[in-house]
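Here is the structure we will look at.
Protein chains in written order, with the numbering used here: chain C, 13 to 313; chain W, 5 to 469.
Shown next as structure tokens:
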């Protein structure tokens, strides 16, 4: 009996030791932040990504598996700006994890660190599902990723000071590669300046700001409201007066509306990955922007 | 965007205005320099940010302080290029800390073949708010919700419901810990008990107009506790949650009492997980023990006379629940499917006073009764869903002891079939049409047609699984 007790005790000690040595556990609300943590932390962190590129980050079920993952997290990295308001508060409240509650170092909102666009002057749900803090889809501008990376790297170091050196080194390396990549993308995307597009959802404010695209309409009549045939007809008519070069939608959005408009307005419908995993090519942050630029340029032809 | 952005404005002008080639060339040159400037600006920002970051890291050993400063500098750096004025800090006003306010507005039109005033469920004592909607036009419960973090330790929430006959009730009013370690959460106040699946959810999130018969018969529609709840979430990758409640137990199936101790004890366990990308599930088992004293209920005796009986003793309820959700790739925007079911089994033992108004004869009482429902809701296209539900109660064994001469249960099993279709033009509004064939007594079925609206205003609520 005593020996059994001793061996169980030894096992528990071993388990505890193992868990204290284990990597920083990070839950990323969206794939882009999961990919960024991977860039910045490498094997120092184990990343659980709560959503994938084929899911609408506005509408996610607060599934038991997500609650369990947040329960064990040292850091929760999300977009913020109320993008996850329909599900994240439930996960946080039901997790029983004090380390990742808002206000704690374990809770990271990327949108805090960038200048938000489309901050509404008035709030009225008649205008659709508007976000009071501004447009939350900040990840479509790689310069925002730079800003978030700096803040996220510092946050990783503050939560896990033992590995601060590693985070610093990895950040320096990432930053150098990222800056070079931004120059490359901007050069490639130069022909997109001033190009008019129709967007499925108001999700590309930052992308448009970066590349100089001009949005002349959206398939959704209001943010978060399904495209209706009445609205699409109006949009088609307005495109006669103010033509667009292409229709852009994200991987998770339904193709029917953009297909309908594409056939009638005789302009191509383009799918961009929107986040990591949104296309076969978009395997990490770099290839996600590579593919985004390629797809948009393809729409020009 | 281009209202404030000189570059965009220039681009737009360049794109629209038919300019001579020479002018276009110089425009292009200007554009190039502007782009270069912009790029240099961003690079400078990043460098400045990093320099400050590094300084922060060196200067302070306290890791947290460095993070805070980094955040501050990052915010400053990010805000720097803004040509557009932007309120970086929330407006300082007395209202800034107001809790999130939400209001649920709901109403319906009901067409029922039987008078809902005379509604009863054969062989089951009716309690709480059980029963169908009223006939004709009517208001459902309007619900006002307030919620916010109280401080760094507590979260608070209150939901006040206003009934169609203008009674205001605190449906929920609780505080909940947010800072307990090791996966523990304590809730205190009035709250919907964690037993079962549907019980914890507010009625406006239900998929049908009314609660299943089993909820009406065993929990008086929905069971709320005045008490304390302790929950523990296991540190496993599979979701495992254990919970326990102590409550006053003053609501059906319990009664008000003057005791010091707890009149209601509950324990529950939930497990859940994902199967692939498209499926998720949760299953649970719960147990509730109540000690009603002089719980009166209307019944019909063997002579067919309406009587009022009173029960004192112990009521023990076992609930098993299961829910399965499917959405292709976890994206339920276009189509999704929900399958859920719950099983209830109740044992009651104690004494029953038959016909409290006249005879008032006391006798032993023992019963073992059960019930279940299964329902499925399918979203076949965006905004549109159809659903079906089947409810059934098993009258089981009821032993009236010495009152057996006056009272007796039949073998009839109350059941109900419901069909619904609903349309949700946005997350905040829903219209629903429901048809039901309610055979809760051994007579001709009650045919119920209900057209209902449910709308929510204000704070964007988060929905639990």
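All C-beta atoms in this analysis are idealised placements derived from N, C-alpha and C, irrespective of residue type, glycine included.
Values in this document were obtained by computation on a predicted structure and should not be read as measured data.
Is it the case that the Cβ atoms of residue i and residue j are separated by a distance below 8 Å?
i: residue 260(C); j: residue 228(C); result: no
i: residue 397(W); j: residue 128(W); result: yes
i: residue 411(W); j: residue 306(W); result: yes
i: residue 235(C); j: residue 140(C); result: yes
i: residue 194(W); j: residue 230(W); result: yes
i: residue 123(C); j: residue 93(C); result: yes
i: residue 168(C); j: residue 125(C); result: no
i: residue 296(C); j: residue 306(C); result: no
i: residue 288(W); j: residue 358(W); result: no
i: residue 312(W); j: residue 368(W); result: no
i: residue 112(W); j: residue 213(W); result: yes
i: residue 452(W); j: residue 135(W); result: no
i: residue 444(W); j: residue 125(W); result: yes
i: residue 119(C); j: residue 72(C); result: no
i: residue 333(W); j: residue 151(C); result: no
i: residue 352(W); j: residue 380(W); result: no
i: residue 468(W); j: residue 62(C); result: no
i: residue 237(W); j: residue 105(C); result: no
i: residue 393(W); j: residue 377(W); result: yes
i: residue 286(C); j: residue 193(C); result: no
i: residue 182(C); j: residue 51(C); result: yes
Is it buried or exposed, residue i, if we count other Cβ atoms within 10 angstroms and call 16 or more buried?
i: residue 276(C); result: exposed
i: residue 304(C); result: buried
i: residue 388(W); result: exposed
i: residue 180(W); result: buried
i: residue 101(W); result: exposed
i: residue 105(W); result: exposed
i: residue 135(C); result: exposed
i: residue 108(W); result: buried
i: residue 461(W); result: exposed
i: residue 285(W); result: buried
i: residue 342(W); result: buried
i: residue 128(C); result: buried
i: residue 309(W); result: exposed
i: residue 92(W); result: Below a pLDDT of 50, predicted positions are generally treated as unreliable, and residue 92(W), at 42, falls in that range; no measurement from the model is reported.
i: residue 83(W); result: No answer about residue 83(W) holds up, because its pLDDT of 41 lies below 50 and its placement is not dependable.
i: residue 10(C); result: Lying before the first or after the last residue shown, residue 10(C) is absent from chain C, which here runs from 13 to 313.
Measure from the alpha carbon of residue i to the alpha carbon of each residue in the options, then state which is nearest.
i: residue 65(C); options: 42(C), 75(C), 254(C), 280(C); result: 42(C)
i: residue 262(C); options: 254(C), 231(C), 247(C); result: 231(C)
i: residue 324(W); options: 148(W), 253(W), 438(W), 348(W); result: 348(W)
i: residue 250(C); options: 273(C), 268(C), 158(C), 290(C); result: 273(C)
i: residue 57(C); options: 166(C), 150(C), 68(C), 86(C); result: 86(C)
i: residue 309(C); options: 269(C), 214(C), 197(C); result: 197(C)
i: residue 165(C); options: 174(C), 180(C), 157(C), 154(C); result: 180(C)
i: residue 131(W); options: 263(W), 315(W), 176(W); result: 315(W)
i: residue 255(C); options: 36(C), 206(C), 110(C); result: 206(C)
i: residue 117(W); options: 469(W), 447(W), 468(W), 456(W); result: 447(W)
i: residue 251(W); options: 240(W), 227(W), 242(W), 237(W); result: 227(W)
i: residue 267(C); options: 91(C), 302(C), 115(C), 284(C); result: 284(C)
i: residue 459(W); options: 469(W), 466(W), 435(W); result: 435(W)
i: residue 302(W); options: 361(W), 408(W), 402(W), 457(W); result: 361(W)
Under three-state DSSP, which class holds residue i?
i: residue 243(C); result: helix
i: residue 256(W); result: coil
i: residue 211(W); result: coil
i: residue 173(W); result: strand
i: residue 297(W); result: coil
i: residue 205(W); result: coil
i: residue 123(W); result: coil
i: residue 8(C); result: Any answer about residue 8(C) is impossible in this case: the structure gives chain C only from 13 up to 313.
i: residue 408(W); result: coil
i: residue 458(W); result: strand
i: residue 157(W); result: coil
i: residue 310(C); result: helix
i: residue 91(C); result: coil
i: residue 393(W); result: strand
i: residue 166(W); result: strand
i: residue 299(C); result: helix
i: residue 223(C); result: helix
i: residue 328(W); result: strand
If contacts are defined as beta-carbon pairs under 8 Å, then residue i and residue j qualify, I think. What distance do you get, rounded to the angstrom?
i: residue 158(W); j: residue 182(W); result: 7 Å
i: residue 470(W); j: residue 172(W); result: Nothing can be reported for residue 470(W): it is not among the residues displayed for chain W, which extend from 5 to 469.
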